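Here's the structure, in structure tokens; my notes come after.
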Amino acid sequence: MTPAIPEMIRQRVRDAGVVGAGGAGFPTWVKLQAQVEIFLVNAAECEPMLKVDQQLMPQQAARLVRGVLYAMQATGAREGIIALKEKYQAAVHALTPLLPPQVRLHILPDVYPAGDEVITIWLATGRRVPPAALPVSVGVVVNNVQTVLNIARSVEQQYPVTRRTLTVNGAVRYPLTVTVPLGMSLREVLALAGGATVDEPGFINGGPMMGALLPDLDQPVTKTTGGLLVLPRSHPLIQRRMQDDRTVLALARTVCEQCRLCTDLCPRHLIGHELSPHLLVRAVNYQSVATPQTVLSALTCSECNVCESVACPVGISPMRVNRLLKAELRQHGARYEGPLREADEMARYRLNPVKRLIGKLALNAWYQDAPFKIYDAQPAQVVLPLRQHIGAPATPCVQKGETVTRGQCIADLPEDALGAPIHASIDGTVASVTEQAITLVRG
Ligand code: SF4
Ligand code: SF4
955 MTPAIPEMIR
965 QRVRDAGVVG
975 AGGAGFPTWV
985 KLQAQVEIFL
995 VNAAECEPML
1005 KVDQQLMPQQ
1015 AARLVRGVLY
1025 AMQATGAREG
1035 IIALKEKYQA
1045 AVHALTPLLP
1055 PQVRLHILPD
1065 VYPAGDEVIT
1075 IWLATGRRVP
1085 PAALPVSVGV
1095 VVNNVQTVLN
1105 IARSVEQQYP
1115 VTRRTLTVNG
1125 AVRYPLTVTV
1135 PLGMSLREVL
1145 ALAGGATVDE
1155 PGFINGGPMM
1165 GALLPDLDQP
1175 VTKTTGGLLV
1185 LPRSHPLIQR
1195 RMQDDRTVLA
1205 LARTVCEQCR
1215 LCTDLCPRHL
1225 IGHELSPHLL
1235 VRAVNYQSVA
1245 TPQTVLSALT
1255 CSECNVCESV
1265 ACPVGISPMR
1275 VNRLLKAELR
1285 QHGARYEGPL
1295 READEMARYR
1305 LNPVKRLIGK
1315 LALNAWYQDA
1325 PFKIYDAQPA
1335 QVVLPLRQHI
1345 GAPATPCVQK
1355 GETVTRGQCI
1365 ADLPEDALGA
1375 PIHASIDGTV
1385 ASVTEQAITL
1395 VRG
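Our numbering puts the sequence shown at residues 955 to 1397.
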């Protein structure tokens, strides 16, 4: 490998606008600057209703392996690991014969949250990321399946990110997994799945554990849209998300019995982080009992939702309490520093089997396959937000009335700025340019 290759990989990944497709959209070229020992593909996909990665892996196994090798070259990693679940048998069969000696599969247990990258690293390598630290601190860089496929496309074909694969599941006529142009409205995506099958649907952007309530379906598909989950508005997963902050705090203040189940099941606590949600709930009740260090530990909550949806027997959401604390702490520029303690010896057994989780979430009636369908979706209009990533928003480099072609860069940043460029996802004309988004109309 010549010294120029890692730089070329990072440049092409940057120019293609690749960002972490499984999370907050961290620019991938920045991640690939780290020099580490292990590059890990997080292929757990442990949100029960999402079926994207498990279907992309067998379809594009060779590209995935090549993407791992490019990422290993860029990061200097000597080992590549694709961490997936045994039940993704088609993926295991497709990948196994293609693996070079430096890349291996790791079979994860079918538990939630095996896909929380800190937990994935622990399960796949035994390494524990300290609280508030990044995976690179233990010599690991993690990306998910779609991100690694985008790395391969960008390196080999200089192919920008203009499409997103997502699952539409729950109360829909034809549950499916589909690839669509970025910027297409979720309303049109729902139409591909035949529409909702309940009179008063509620919508979640992503999976049932970590997805956010959608106010409407006018939102566009972005580089980080994980899925569209449709449930009756009366479903507990919708109702819980509709609770306002006052109600969440009032519940925490009045009914917490300090049973500490939320802490005993908190994945971060189990692997040795200080985070103890029962103490944070107590802190909002009796502020004088909490040390500043305890309050700061809220910053290390991954918002996995186990404490709310699985643990608490009386309907409190320690996660939402943490979210409120985090917002306040961040306003003051607070940071957490704390020790990594011994992991709980029962940690592995206290993660949540997905089958049991589905029952706990009252999803049995909605849990179903969402097979991959190929549609040549041709939206008449796409809305492309200028911030689909962590960092600065991209700056438009086109004007209203200009003609653009699919793949053309329409918003960019200075070379070294944290962020990622945005590309036209259809051939068309620029209909509007605002501080938030560029709208393109077909033709
Ligand atoms: S959401 Fe709850 S269970 Fe998950 S990390 Fe935060 S405190 Fe722990
Ligand atoms: S599980 Fe619920 S009741 Fe028990 S300590 Fe945590 S917030 Fe309080």
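Ideal Cβ placement from N, Cα and C applies to all residues, glycine included.
As the structure is a computational prediction, the values presented were derived from the model and not from experiment.
Can we count His1227 as close to ligand 2, meaning its CB is less than 7 Å from some heavy atom? no
Rounded to whole angstroms, what is the Cα-Cα separation between Asp1366 and Val1152? 42 Å
Selection from His1189, Asp969 and Gln1173 that minimises the alpha carbon distance to Gly1124: His1189
What does DSSP give as the partner residues of Gly1181 in its beta bridges? Thr1121
Between which residues of its own chain and Pro957 is the CB-CB distance below 6 Å, once the five residues before and five after are set aside? Confidence is the limiting factor: at Pro957 the pLDDT is only 44, short of 50, which leaves the residue's position unreliable, though a coordinate-based value still follows. Here the set comprises nothing.
Specify, as a first and last residue, the run of the alpha helix (DSSP H) that Ala1106 falls within. Val1099 to Gln1111
Can you tell me which of the three DSSP states Asp969 falls into? helix
heavy atom of ligand 2 below 7 Å from Val1260 C-beta: Flag unset: Cβ of Val1260 not near ligand 2.
By a C-beta neighbour count over all protein chains shown, 10 Å radius and 16 as the cutoff for buried, is Met955 buried or exposed? A caution first: Met955 carries a pLDDT of 42, below 50, which makes its placement in the model too unreliable to give a value.
Cβ of Cys1216 within 8 Å of Cβ of Cys1261? yes
What three-state label does DSSP hand Cys1363 in the structure shown? The answer is strand: DSSP assigns Cys1363 an E or B state.
Of all the beta strand (DSSP E) runs that stay within the bounds of the region 1013-1071, which reach a length of 3 or more residues? 1033-1039 and 1057-1062
Measuring CB to CB, does Lys985 end up less than 8 Å from Val1095? Contact flag set, yes.
Does Pro957 come out as helix, strand or coil in the three-state DSSP assignment? Any answer about Pro957 is weak, because its pLDDT of 44 lies below 50 and its placement is not dependable; what the coordinates show is given next. Three-state DSSP puts Pro957 in coil, outside helix and strand.
With H, G and I counted as helix, E and B as strand and the rest as coil, what does DSSP make of Gln1197? coil
Let me check understanding here. Comparing Cα to Cα, which of Glu1369, Glu1001 and Ile1328 lies closest to Asn1159? Out of Glu1369, Glu1001 and Ile1328, the CA that lies nearest to the CA of Asn1159 is found in Glu1001.
Would you tell me roughly how many angstroms separate the C-alpha atoms of Asp1070 and Val1057, rounded to the nearest one? 21 Å
Grab me the residues of Ala1044's own chain with a C-beta within less than 6 Å of its C-beta, minus the 5 sequence neighbours each way, in chain order. Cβ neighbours of Ala1044 beyond the five flanking positions: Pro1012.
Thinking just about the alpha-carbon of each residue, which of Gly979, Thr982, Val972 and Pro1089 is nearest to the one in Ile992? Pro1089
Residue nearest to Thr1296 in terms of C-alpha spacing, selected from Arg1341, Ala1334 and Ile1225: Rather than Thr, the amino acid found at residue 1296 in this sequence is Glu. Residue Ile1225 is the option with its Cα nearest to Glu1296.
Near Gln1112, what residues of its chain come up, given a Cβ to Cβ distance below 8 Å and the 5 sequence neighbours on each side ignored? Beyond the five residues adjoining it in sequence on each side, Gln1112 comes within less than 8 Å, by CB distance, of Arg966, Asp969 and Ala970 in the same chain, given in chain order.
Return yes when the Cβ of Ile1075 is within less than 8 Å of the Cβ of Leu1205, no when it is not. no
Among Arg1277, Gln1353, Val1046 and Asp1170, whose alpha-carbon lies nearest the alpha-carbon of Gln1008? Val1046
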